[in-house]
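**Student:** Numbering (our numbering), first residue to last: 1220 to 1949.
C-beta atoms are modelled at their ideal positions from N, C-alpha and C, and glycine is treated no differently.
Okay, here's the structure, questions in a sec.
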Amino acid sequence: MAGSRSRLGRSGERSLRVLFGEGALATRSDADLVRGFLEAHGEAAEAAFEAIAARHGPMVLGVCRRTLGDEHAAEDAFQAVFLILARKARSVQVDDSLGRWLHGVATRVARRAKNQAAREVPGASAADRSTDDPAVIALRAEVRQMVGQEVARLPRKYREAVALCHLDGLSHDRAAEALGLPVGTVRSRLSRARDLLRTRLTRRGLAPAALAAWLSEPQAEAAVSKALLESTVKLAAAGAKTAVPPAIAALACLATRSLLTAKVAAVGAVVVAVGCLAVAGRRGEEPPKQPIPNAAPEVKAPAAPAPSPSLADQFQRIIKEYDDAQQHTQTEAEKGKTDFERWKLYNKYQVDEAPFARRVVDLAAEHPKEPASRDALIWVIDKPHRSDHGPYGDEVARAVNLLVMHHADDAETARLGLNLDNVITRRRDAFLEGIYANAKGREAKGLARVALARYLEAKAPFVAVARLAKSSQVIMVQTYDDQGAMTKQTIPLSNEELGYRVQLRMFDPDAVRREAERLYEEVVSDYADIPYVTTRRRELERLLRKTPADPKERAEQEQLKEYLQTQKIPTLGEFASGRLDEMRNLVVGKPAPDFEGVGVDGKPVRLSDFRGKVVVLDFWFSTCGPCLREIPDQRKLTEAMKGRPFTFLGIVKDGQIDDARKVIDSEKISWPNVLAGGETITERYHIESFPSHVVIDAQGVIRAKGHLDPASVGPVVEKLVKEAEAGMKK
């Protein structure tokens, strides 16, 4: 047994124990290994770090050897690189591979070491000891310098591949592992780099054969000795518990500071310089001891740098800047005394969202697979109140592409689609169709089907309008004129929107509607039990997890908690069944379902009581601002229709009877309203937004529905009332 132990060595024994305790490490990703080093203890942590060093060590040592040209100095630099990794492991952003990060650190460490060595008295170089002709040596150096200059001018992705394979001597497989890329990608980049170098060097008068000779020079992959690997792991695992050799400590100190900041504080520079001079001798030599005066001031090491912000923190910083800018806009707008003044101030201080979205998407593109990137990209798209055209739309398109590529099989990504049916755009098409096609998990697939069905249900009438208005190149909007009066203005459609309208005319609205029904049926059949939770609900739940210090905010949080507790979360099956019911039974041309509630006077109110009259069901609640703003126009229409077969019938949704009575009294509402039972009627008619209206003719048939603004409801009512009056004369 003793003989076996001696043959295995300390590293081998540890590897066996970890193999049986933790499983094989060779197949784990770099991210898993870093996590194991940080979270595990003892031999498990050492084994994880040793696996990282063994995987990327040849590349790191190759960089150090090529830059320094001295084996001892290269080994010191090698150990400094992995010492930096051990110290900064918590702040390193690990994608698929640590290779790119380690290559950058190794380059910096080796250059620092070379610069430091240049300040010392140089010894005999390899060229000085060579027996070759000095002219040959000079010519070879000139060629390599010329090639090196052209390599440095290559785009980064080609430069990295050439440096790893032809300068550091790594195999294609090792280079691919270091860069976190497929081997085929590395080979194709090398091929493209050779083509670029061949053209550029030919222009500089260098024959292609010289490049071929340089590329074909044997570049042995740097081998990391067992002793070097074990000593490196020992330094990393021991941390501050053991003394780090002065030369390695100085290199790590210098390189760490170069990674963190370009400007070194004066006291830090002094300390670093003193530390580096103290270890300026050769590896293994002790610096001469100097007498220390009794009253010498103590030199303190610089404070440890603050940890780099996490990816999530970086995203939150951008989003907070946007929220603060939005709050400033709102504050300025509230200074207006009238709606018109507030509208002008809001437009004056309105925030351009595109730059914020661009910063978020740029950062997410560097770390596309991270959950923090997913959440930030959802923030970019989750703006149901606005369309996605112009510069903001460009960022939405990029965010859609990243989410579909990297997070399509994610319930939170699919959940985003539940809010996107209020505006029909090309980019929302791409998002909803992409998530639907690529979702694999059951929850993600169910949510994706409901989201796409909702969107197609809303898209069908939009397609029908586009087919009817083939020549329309403008849209009508209601806004203020220069004097503050509300007016309608025509706005020309952008080229982008005109192109999308042309595409929509190629669709059959009935086919779009049937596909929505098919998706709802599939949800009822296969995904009925999944909770229907929107991103809005998720956001409110996140607010509840915070602990506000302000008593007012805590009180608001308690109110929010009570509100969420009263809101029943439906299932996807319940929601889909309701949508199918509306699509088949509550559409224009179908009889309006009868109902019964309790009116203002406490007496029953039934829809059937108004048969023979044109009825506009008005779904509202007491704190709905848009609902209350329509009351004056409703009063005017009621007075204009006095004595004719017409009535508004209010349906109070929230059940706040006392608050509704106050509104009815203060606004002098004379038409009937259902105060008790309004929530049940709202659910029966599947009303989700307020105010909403359903126009019912004298025979009880639905003739129009949705949010009908005061200007549009009047003509519809006038036409139906005339029909009712003509029928009464017969």
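(1) The beta strand (DSSP E) spanning Ser1911 covers which residue range?
(2) What is the DSSP secondary structure of Gly1636, counted as helix, strand or coil?
(3) Please return the same chain residues whose Cβ sits closer than 7 Å to the Cβ of Ala1573, not counting the five positions on each side in sequence.
(4) Give the straight-line distance between the Cα atoms of Gly1555 and Leu1564, rounded to the nearest whole angstrom.
(5) Using DSSP bridges, identify the partner residues of Asn1892.
(6) Pick from Asp1628, Asp1727 and Ala1795: whose alpha carbon is nearest that of Tyr1751?
(7) In whole angstroms, give me the CA-to-CA distance for Ser1931 and Ile1694.
(8) CB-CB under 6 Å to Arg1419, same chain, minus the five flanking residues each way: which ones, in chain order?
(9) Looking only at C-alpha atoms, which of Gly1869, Asp1873 and Phe1865 sits nearest to Lys1938?
(10) In the DSSP assignment, the alpha helix (DSSP H) including Gln1692 goes from what residue to what residue?
(11) If you compare alpha carbons, which of Asp1800, Ser1841, Ile1870 and Glu1849 is closest to Val1834?
(12) Which residues does DSSP pair with Lys1707 in a beta bridge?
(13) Would you list the residues sitting across from Gly1816 in a DSSP beta bridge?
(14) Rounded to a whole number of angstroms, what is the C-alpha to C-alpha distance between Ala1633 and Thr1857?
(15) Helix, strand or coil: which one does DSSP assign to Phe1838?
(16) Quick check on this structure: which residue in Arg1617, Cys1384 and Gly1653 has the alpha carbon closest to the alpha carbon of Val1623?
(17) Is Thr1451 buried or exposed, if buried means 16 or more other CB atoms sit within 10 Å of its CB?
(18) Please classify Ser1410: is it buried, with 16 or more other beta-carbons within 10 angstroms of its beta-carbon, or exposed?
(19) Hey, is Arg1825's beta-carbon within less than 8 Å of any beta-carbon in chain B?
(20) In whole angstroms, give me the CA-to-CA distance for Leu1974 and Phe1575.
(21) For the beta strand (DSSP E) that Ala1923 lies in, which residues bound it at each end?
(22) Check whether the segment 1839 to 1848 and the segment 1802 to 1821 are in contact - that is, three or more C-beta pairs closer than 8 Å.
(23) Put Thr1790 into one of helix, strand or coil per three-state DSSP.
(24) Keeping to the same chain, check which residues put their C-beta closer than 8 Å to that of Val1443; ignore five residues upstream and five downstream.
(25) When the Cα of Leu1836 is compared with those of Arg1803, Leu1927, Gln1778 and Leu1779, which residue comes out closest?
(26) Considering only the alpha carbon of each residue, which of Leu1779, Gly1797, Asp1295 and Val1253 lies closest to Ala1469?
(27) Cα separation between Arg1720 and Leu1799?
(28) For Leu1181, which residues from the same chain have a beta carbon less than 7 Å from its beta carbon, with the 5 sequence-adjacent residues on both sides left out?
(29) Compute the Euclidean distance between the alpha carbons of Asp1828 and Asp1916, then round it to the nearest angstrom.
(30) How should Val1366 be labelled, buried or exposed, when 16 other C-beta atoms within 10 angstroms of its C-beta is the threshold for buried?
(31) Once DSSP output is grouped into helix, strand and coil, what is the label at Pro1810?
(32) For the alpha helix (DSSP H) that contains Leu1762, what are its first and last residues?
(33) State the Cα-Cα distance for the pair Glu1676 and Arg1732, rounded to the nearest angstrom.
(34) Please work out which residues of its chain come closer than 6 Å, Cβ to Cβ, to Gly1818, disregarding the five sequence neighbours upstream and downstream, and give them in chain order.
(35) From which residue to which residue does the alpha helix (DSSP H) around Tyr1782 run?
(36) I need the DSSP call for Pro1680, collapsed to helix, strand or coil.
**Tutor:** The answer reads as follows:
(1) Counting along the chain, the beta strand (DSSP E) containing Ser1911 begins and ends at Ser1911 to Ile1915.
(2) Three-state DSSP puts Gly1636 in a helix.
(3) Hits under 7 Å: Pro1610, Tyr1611 and Glu1614.
(4) Gly1555 and Leu1564 have their C-alpha atoms spaced approximately 7 Å apart.
(5) Bridge pairing for Asn1892: Gly1869 [DSSP].
(6) With respect to the C-alpha of Tyr1751, the residue from Asp1628, Asp1727 and Ala1795 having the closest C-alpha is Ala1795.
(7) Using only the alpha carbons, I get a separation of about 16 Å.
(8) Only Glu1369 meet the Cβ criterion.
(9) If we check each option's Cα against that of Lys1938, Phe1865 comes out closest.
(10) Taken as a continuous stretch (DSSP letters only), Gln1692 belongs to no alpha helix (DSSP H), as it is neither H nor E.
(11) Measuring C-alpha to C-alpha distances from Val1834 to each of Asp1800, Ser1841, Ile1870 and Glu1849 identifies Ile1870 as the nearest.
(12) According to DSSP, which records beta bridges pairwise, Lys1707 is partnered with Gln1697.
(13) In the DSSP output, where bridge partners are listed per residue, Gly1816 has Val1824.
(14) One C-alpha to the other measures close to 45 Å.
(15) Strand.
(16) Out of Arg1617, Cys1384 and Gly1653, Gly1653 has the C-alpha closest to the C-alpha of Val1623.
(17) Buried: at least 16 other Cβ atoms inside 10 Å.
(18) Sixteen is the threshold: since fewer than 16 other Cβ atoms of the shown chains lie within 10 Å of the Cβ of Ser1410, the residue is exposed.
(19) Absence of chain B from the displayed structure is noted, only one protein chain being present.
(20) Limits of the chain in this structure are 1220 at one end and 1949 at the other, which puts residue 1974 out of reach.
(21) Element bounds for Ala1923: Ile1921 to Gly1925.
(22) Touching, no, given that fewer than three Cβ pairs across the two stretches are closer than 8 Å.
(23) Strand at Thr1790.
(24) Excluding positions up to five away in sequence, the list reads Ala1272, Ala1273, Gly1276, Pro1277, Leu1280 and Phe1297.
(25) Considering only alpha carbons, the answer is Leu1927.
(26) Residue Asp1295 is the option with its Cα nearest to Ala1469.
(27) Taking the straight line joining both Cα atoms gives about 27 Å.
(28) Look at the range of the chain in this structure, 1220 to 1949, and you will see that residue 1181 is not part of it.
(29) Taking the straight line joining both Cα atoms gives about 13 Å.
(30) Val1366 should be labelled buried.
(31) Reduced to three states, the DSSP call for Pro1810 is strand.
(32) Thr1754 to Leu1763 is the span of the alpha helix (DSSP H), which, as asked, contains Leu1762.
(33) Glu1676 and Arg1732: Cα-Cα distance of roughly 6 Å.
(34) Here the set comprises Val1824 and Pro1891.
(35) Counting along the chain, the alpha helix (DSSP H) containing Tyr1782 begins and ends at Pro1770 to Thr1785.
(36) Correct three-state label for Pro1680: helix.
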